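Enquirer:
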Amino acid sequence: RDRWQAVIRLASGGTMLALLVIVTHVSVSDPTPGALLGIAVRTMAGTVQDCRTLSEAEVAALPRHMQRKEICETHGASYRLVVRVDGEPRLDRVYSPAGIHGDRPITVDERIRVTAGSRAVSIHFAPADRGTDGGLPLFTFEQDVELAEGRIRVAWLEGTTGGFEIR
């Protein structure tokens, strides 16, 4: 019986020592070097409204409380985000509007780890299907951005200017 208690104590002590080594290593280890480039978008730019005028017969066929001259259907178009840093592709993803009917804003919240320093940043946010959604706006950003070690800079889509700004 004493022998089993000694074995259990030894195993418990070894386990505690291993956990201590792991926790100590994790807590004092250096963070991943570099900087972060954040991309933040919340836009209704992909919302399209298709309307059609009803004939007099169509209006008359509707219940009185639902009669109107025009019926509009709102749907969302997907947007493709392409980010390049120093000419290298870093992100290429399609985002769709939220909501059960696709009529809510498109929301993007991405973080891209980059090497610190002055970097040529290119951001293109355009309708994913330019053939059918040619009338929708596209947003671009192309300029050198200073990215400091251990810091984050965020490119966000500014509603009043219609373009990306870096903060």
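By my numbering, the letter at position 79 of the sequence shown is numbered 86, and the numbering carries on one by one without gaps. Heads up, the beta-carbon is just placed ideally off N, CA and C, and yes, glycines get one too. Quick caveat: nothing in here was measured; it's all calculated off a predicted structure.
For the candidate residues Leu154, Gly53, Pro40, Phe132, whose alpha-carbon lies nearest to that of Gly170?
Expert: Phe132
Enquirer: So what does DSSP say about Arg158, is it helix, strand or coil?
Expert: Coil at Arg158, not helix or strand.
Enquirer: For Glu149 versus Ser125, is the C-beta distance shorter than 7 angstroms?
Expert: no
Enquirer: Runs of 3 residues minimum, wholly inside the region 28–90: which ones carry the beta strand (DSSP E) assignment?
Expert: Counting whole runs of 3 or more residues, the region 28–90 contains the beta strand (DSSP E) stretches 42–50, 54–60, 77–83.
Enquirer: Quick one: what's Arg126 bridged to in DSSP?
Expert: Val152
Enquirer: If you draw a straight line from the alpha carbon of Val115 to that of Leu43, how long is it in whole angstroms?
Expert: 15 angstroms
Enquirer: Distance, Cα to Cα, Gly41 vs Glu156?
Expert: 5 angstroms
Enquirer: Roughly how far, in whole angstroms, is the beta-carbon of Glu117 from the beta-carbon of Ile46, given that I think they are within contact range, below 8 angstroms?
Expert: 4 angstroms
Enquirer: Roughly how many whole angstroms lie between the Cα atoms of Leu88 and Ile113?
Expert: Roughly 11 angstroms between the two C-alpha positions.
Enquirer: Please name the residue, chosen from Asp136, Ala127, Thr60, that lies closest to Arg100 on a Cα-to-Cα basis.
Expert: When only C-alpha atoms are compared, the closest one is Asp136.
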